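Participant: Those sequence lines, one after another, are chains E and H. Throughout, our numbering is defined as the position within the first sequence, counted from one, plus 6. Throughout, our numbering is defined as the position within the second sequence, counted from one, plus 4. Don't be surprised by glycine CBs; every beta carbon is placed ideally from N, CA and C. Only a predicted model underlies this, so the values are computations on that prediction, with no experimental measurement involved. The structure follows.
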Amino acid sequence: MKHPLLKLEPLIWLLFGQGILFGTVLLTPWVLVVGLAIPLGIVPADALSYERAHMLASHIIGRLILFGLIALPLWKGAHHLRHTLIDFGGGERDARVAPLLYLLATVGSVLAVVAVVRI
Amino acid sequence: MSRNAHPHAMAPSKPGRTRTAPPQLPDQFPFRGRYLAYTLFDLTGILYLLLGFLALCAVWCLGSGEAVWNGVLERHRNVFYLGFHTIALVGLIFVGIRFFGFFPKAQPPRVGPVKSPPKPVILAALYALWIGVTVFMTLVLAGGVF
């Protein structure tokens, strides 16, 4: 019988690939504005005042973008971290580490759904 | 000198009929020569995990009310967050350039009856998507649009 992770490998690779592509594309402006430009005062904080941020985020497109921005990078991160640990420590621990990392990404993705629904 | 890799790193699930030499870690692994970019690319996984959970926290706080959201904006002014986001931005650009560089090479020559576009076209499309979304979303988040 195939190990469950092997069965899920195509799905994991799909999410990993989308995580690199869309995670990078969506996180770049997020980090640029929310992480740097507003805290440094380059962009006035009013741009993301509660009313405006809520208006943008509660739109269906806003919710989808925020979900992608949260969930996809988690899968990229989990998969890449798994392979880093294999490279550095061999595959022995992989049977325990890989499910933990993917569980982390799954929990984060479920919480992302909840977070965007409750806005 | 190359050194011994973990002897079971590439072990098959069942022993093969022929004996194989134990795998060797390359000389320059992990931080020298071409392995530097390879290892750093792998390590950006940590950045993406942290960024994903930070974004989750921010969106969760947005759903919790004005005072909590204002707390998020205030917290991002902390020098620790500024440092992390600076490193994260460098990491995102590094991942983008590296991933978009090898994405066209990984495409099959044909997808069903359709021939894949030339590599420069795929590369240009990826950069156009990245730059376009970045400019548009930056304008939206910064209050320039909508």
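Listing by chain order, which chain E residues have their CB less than 7 Å from the CB of H/Arg-23?
Facilitator: Here the premise fails: no neighbours, minimum Cβ distance about 19 Å.
Participant: Which residues in chain H sit within 9 Å of E/Lys-13, going by Cβ to Cβ distance?
Facilitator: Per Cβ cutoff of 9 Å: no residues; E/Lys-13 is ~14 Å from chain H at best.
Participant: Following the continuous alpha helix (DSSP H) through E/Pro-16, name the residue where it begins and the one where it ends.
Facilitator: Note, E/Pro-16: alpha helix (DSSP H), 10-36.
Participant: Of the residues E/Tyr-56, E/Gly-29, E/Ile-92, which one's Cα is nearest the Cα of H/Leu-66?
Facilitator: Among E/Tyr-56, E/Gly-29, E/Ile-92, the Cα nearest to that of H/Leu-66 belongs to E/Tyr-56.
Participant: Can you tell which of E/Arg-88, E/Leu-12, E/Leu-54, E/Val-119 has the C-alpha that lies nearest to the C-alpha of E/Ile-66?
Facilitator: Minimum Cα distance to E/Ile-66 is reached at E/Val-119.
Participant: Between H/Phe-33 and the rest of its own chain, which residues show a CB-CB distance below 6 Å, the 5 nearest in sequence each way excluded?
Facilitator: So the qualifying residues of the chain are Tyr-39.
Participant: Contact criterion: CB-CB distance below 7 Å. Does H/Leu-44 meet it with respect to chain E?
Facilitator: Not closer than 7 Å to any Cβ of chain E, the Cβ of H/Leu-44 fails to qualify, so no.
Participant: Out of curiosity, what's the CA-to-CA distance linking E/Ile-48 and H/Trp-134?
Facilitator: Using only the alpha carbons, I get a separation of about 22 Å.
Participant: May I have the straight-line CA-CA distance separating H/Gly-147 from E/His-89, to the nearest angstrom?
Facilitator: Cα-Cα distance, rounded: 40 Å.
Participant: Between which two residues does the alpha helix (DSSP H) holding E/Leu-42 run?
Facilitator: Careful: E/Leu-42 lies outside any alpha helix (DSSP H) and carries neither H nor E.
Participant: According to DSSP, is H/Val-115 part of a helix, a strand, or is it coil?
Facilitator: H/Val-115: strand per DSSP, three-state reduction.
Participant: For chain H, find out if any of its Cβ atoms is closer than 7 Å to the Cβ of E/Ile-56; answer yes or no.
Facilitator: The sequence given here has Tyr at residue 56 of chain E, not Ile. With 7 Å as the cut-off, E/Tyr-56 counts as an interface residue toward chain H.
Participant: If contact is defined by three or more beta carbon pairs under 8 Å, each pair taking one atom from either stretch, is the region 14-30 of chain E in contact with the region 76-84 of chain E?
Facilitator: Yes, they touch.
Participant: List the residues of chain H whose Cβ lies closer than 7 Å to the Cβ of E/Trp-36, in chain order.
Facilitator: Under the 7 Å cutoff, chain H gives Ala-59.
Participant: Consider the Cβ of E/Leu-17: report whether some Cβ of chain H lies at a distance smaller than 7 Å.
Facilitator: No, because no Cβ of chain H sits closer than 7 Å to the Cβ of E/Leu-17.
Participant: Can you round the beta-carbon distance between E/Ala-121 and H/Val-76 to whole angstroms, since I take them to be within the 8 Å contact cut?
Facilitator: About 13 Å; that fails the 8 Å criterion.
Participant: Run the CB neighbour count on E/Ile-26, radius 10 Å, all protein chains shown included, and call it buried at 16 or more, exposed below.
Facilitator: Counting Cβ neighbours within 10 Å, E/Ile-26 comes out buried, since at least 16 surround it.
Participant: Please report the straight-line C-alpha distance between H/Ala-110 and H/Lys-123, rounded to a whole angstrom.
Facilitator: Answer to the nearest angstrom: the Cα atoms are 10 Å apart.
Participant: Can you check which of these residues, H/Ala-25, H/Thr-22, H/Gly-49, H/Pro-30, is closest to E/Gly-29 by C-alpha distance?
Facilitator: Out of H/Ala-25, H/Thr-22, H/Gly-49, H/Pro-30, H/Gly-49 has the C-alpha closest to the C-alpha of E/Gly-29.
Participant: Using 8 Å as the threshold, is the region 82-91 of chain H in touch with the region 18-31 of chain H, meaning 3 or more CB pairs across them?
Facilitator: Contact fails: fewer than three Cβ-Cβ distances are below 8 Å.
Participant: So, with DSSP's three-state summary, where would you put H/Asn-8?
Facilitator: In this structure, H/Asn-8 counts as strand in the three-state DSSP scheme.
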